[in-house]
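Mapped onto the working numbering, the consecutive letters of the sequence shown carry residue numbers 1213 to 1373. Heads up, the beta-carbon is just placed ideally off N, CA and C, and yes, glycines get one too. Nothing here was measured: the structure is a model prediction, and the numbers come from that model.
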Amino acid sequence: MAGDTDPYTTLNKLLADFRFAMLTTVDLDGKLVAHPLTVQEREFDGDLWFIVGKDASAVQQLDVNPNAGVTLSSDSSWVSLAGTAELVEDHAKLEELWNSVVEAWFPDGPSDPRVGLLKFSADSAEYWDSPGGKIATAVAFVKSKVTGETYDGGDNAKLDL
């Protein structure tokens, strides 16, 4: 993804490639806590959806302080989102997002009263992308070490959403 591409388009393309995320919440002692989750919806409109247990520690922490962060990474790109998150009661959306992978954690299906939807709403985003993937990143890194020039890791943008 070239630097001349619209940053919102680039962000959307990057997010479509990630399957897993780390949701960071603030615990009752004010410490940051990260929770691994599976991204359930690929089309990014400022919100990310996760299927969670309603009794999960992340849900309890978000009830007290809804501020949250989401980070996603691959071999050649990274995204950091800041915003808020909350448990949402929307059975139709839960049914829409339900899949066989989720069933491994919740075998009773989307009607299980312990299952909920966590909606993360992003206020801002930052991404780093190394066009060409892992090999291009490695080549650029080696080149910077050999030439002594500063490593240019690729495309970076900060966005308000």
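Quick check: what's the CA-CA separation for residue 1367 versus residue 1341?
5 Å
In three-state terms, what does DSSP make of residue 1221?
helix
Could you check what DSSP says for residue 1251 in three-state terms: helix, strand or coil?
coil
Under 7 Å between C-beta atoms of residue 1430 and residue 1296
Residue 1430 lies beyond the range of the chain shown here (1213 to 1373); nothing can be said about it.
Using only alpha-carbon positions, find the residue among 1243, 1273, 1263 that is nearest to residue 1327.
1263
Taking C-alpha atoms, which residue in 1245, 1253, 1239 lies nearest to residue 1224?
1253
Helix, strand or coil: which one does DSSP assign to residue 1304?
helix
Endpoints, the beta strand (DSSP E) within which residue 1235 is located
1232-1238
Residue 1242 versus 1274, 1285, 1220, 1249, residue with shortest Cα-Cα distance:
1274
Alpha-carbon spacing of residue 1251 relative to residue 1240, whole angstroms:
25 Å
Thinking residue 1337 and residue 1299 are a contact (beta carbons under 8 Å), I'd like their distance in whole angstroms, please.
About 22 Å; that fails the 8 Å criterion.
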